[in-house]
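Accompanying notes for the structure given below.
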Amino acid sequence: MEADPRYRATLAKWQACLRGKGYHYERPDKASKAMSKLYGKPGTDTRARATEIRTAVADIECRRATGLVRLARQLDQKYQAKTRTERATEMAAYRDLQADAVNRATGL
């Protein structure tokens, strides 16, 4: 999905929106990871919480403004369907192997 030109273009808009709010993150998951690193240090939880809330609000405002969530959901559905079609044989074989393993384990 990340290689899709529509996603890259929308992600660039999200990045620009965040920059306009004073934040500099490459991808949405980077913002989440940065926030989790703020916690756990003595005396930082109150400040970390305030920073996390401000960052989360800016993030969601930019996601909504750019349509990033909607596009990511659409592309995820598209690529999941494509993968299911392309890998149907392998997925069926995997399910058969799992069923065989359960049957063998039940007989032990």
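The opening position of the sequence shown corresponds to residue 31 in our numbering, with each subsequent residue numbered one higher. We treat Cβ as the ideally placed atom computed from N, Cα and C, and that holds for glycine.
**Prompt:** Alpha carbon to alpha carbon, how far is Lys85 from Gln128?
**Reply:** The identity of residue 85 in the sequence shown is Thr, whereas the question assumes Lys. Roughly 43 Å separates the two Cα atoms.
**Length of the line joining the Cα atoms of Gln110 and Met31** = 10 Å
**Asked** So, are the CB atoms of Ala102 and Leu48 less than 8 Å apart?
**Response** no
**Message:** Rounding to the nearest angstrom, what Cα-Cα distance links Arg93 and Ala33 in this structure?
**Reply:** 18 Å
**Asked** Is it right to say Ala61 is buried, meaning 16 or more other beta carbons lie within 10 angstroms of its own, or is it exposed?
**Response** buried
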